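These notes are about the structure you will find just below.
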Amino acid sequence: MFIEGALLSGVTLVGWIGAFHFTAHSFTRHLKSRRWEMSRQHILNMSEAVVSGLQSVVSSVCGVLVVVSCGHNVMRATHSLSTRYAWVMASYFLYDTWAMYQVHLSSLKEGSSSSVKSGDVVGRLKSFMQRRTLLILHHLVLAFVLVPILIYRDGIGDFFVGCFYCVELSGPFTNMRVVLSRLGLKNTRWYAANGILMITTFTCCRVLVFPYMYLCYGSQHGLGLWGVVHSIPLHCNLGCLLILLPQIHWIRLMVRGALKISRGQHITEAEEKID
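For the sequence shown, the working numbering begins at 2 and goes up steadily by one.
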């Protein structure tokens, strides 16, 4: 299984990087043909968002298939996608960390006020980690802690794995927000409508999904919500809590940004970053 999974991760890692470069090249050509000036940083930022949106769609489809297939027995029913996509997800989080670094490098090259000297690799990495601390930790913990757990869990709880994959359902709207902003459409109805969909799907798929999983387990074992909390192992509760806390932080930032827009206030580029 390990060799097959590692090969799948390697192939998809190359695929994610290739999709990133292809998207950046396509954006560059299209913008040049329209004589539309845009910085390299913003082009790479949009490219990262497009690939992230693609991963979100694939993850959500896999998640829905697993949840529907395993809903009759949340602990023992199995589906092959639950393990196979974990290898793909690992490659994606490693890729996305690299992609964020590429965007950061382009911002250093174009920023006249940057204190990081050209060629200072340590300084670049340090500034990157300081700027995107939470998101880097999020990606590395998922890639090196959660993914191994998903792979080596002896086929137990595929239903819950599918639910975790479904949290990416909000991804297309989160990433569309970046693209619309970079295209100068921040003050349009498209941006507002996308924001409503983003907050709604994020709340449902990344926050409310946790009590939903607990209730599904409880309904098949004759337990209420608090009964489930006290009956399952402590590490399961702690794991869910560690994943839930960043989601609450991000939804808070989204709601705060939406309130500012509704009041007619300007949202800065720094406030747009959900990290």
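Every residue gets a Cβ at the ideal spot worked out from N, C-alpha and C, and that includes glycine.
Model, not experiment: these values are computed from the prediction.
Please confirm whether aspartate 159 and serine 83 have their CB atoms less than 8 Å apart.
As a working note, residue 159 is residue 158 in the sequence shown. As a working note, residue 83 is residue 82 in the sequence shown. Yes, the Cβ-Cβ distance between aspartate 159 and serine 83 is below 8 Å.
Simplified DSSP assignment, three categories, for tyrosine 153:
Along the sequence shown, read from residue 1 onward, the residue named residue 153 stands at position 152. For tyrosine 153, the three-state secondary structure derived from DSSP is coil.
Any contact between the stretch 25-45 and the stretch 130-150? By contact I mean 3 or more CB pairs, one from each, below 8 Å.
As far as the Cβ criterion goes, the stretch 25-45 does not touch the stretch 130-150, which means the pair count is below three.
Where are the beta strand (DSSP E) runs, 3 residues long or more, that stay fully inside the stretch 51-76, in chain order?
Complete beta strand (DSSP E) runs here, min 3: none at all.
Nearest-angstrom Cα separation, counted from tryptophan 191 out to lysine 261:
Reading the sequence shown from its first residue, position 260 is the one you call residue 261. Reading the sequence shown from its first residue, position 190 is the one you call residue 191. Computed Cα separation, rounded: 17 Å.
May I ask you to report which of helix, strand or coil DSSP gives isoleucine 233?
Taking the sequence shown and counting its residues from 1, one reaches residue 233 at position 232. Of the three classes helix, strand and coil, the one that applies to isoleucine 233 here is coil, per DSSP.
Which of helix, strand or coil DSSP assigns to leucine 106:
Stepping through the sequence shown from its first residue, residue 106 is reached at position 105. The answer is helix: DSSP assigns leucine 106 an H, G or I state.
Thinking C-beta only, is leucine 170 closer than 8 Å to threonine 201?
If you number the sequence shown from 1, residue 201 lands on position 200. If you number the sequence shown from 1, residue 170 lands on position 169. In this structure, threonine 201 lies away from leucine 170, with their beta-carbon atoms at least 8 Å apart.
Whole angstroms are fine: how far does the CA of methionine 101 sit from the CA of serine 10?
For the purposes of this step, residue 10 is identified with residue 9 of the sequence shown, where counting begins at 1. For the purposes of this step, residue 101 is identified with residue 100 of the sequence shown, where counting begins at 1. The straight-line gap from Cα to Cα measures roughly 19 Å.
Could you check if threonine 134 is buried or exposed, using at least 16 other CB atoms within 10 Å of its CB as the buried criterion?
Position 133 of the sequence shown holds residue 134. Exposed, by the Cβ-count rule.
How would you call phenylalanine 37, buried or exposed, if buried means at least 16 neighbouring beta carbons within 10 angstroms?
Walking along the sequence shown from the start, residue 37 turns up at place 36. For the record, residue 37 in the displayed sequence is tryptophan; it is not phenylalanine. Exposed, by the Cβ-count rule.
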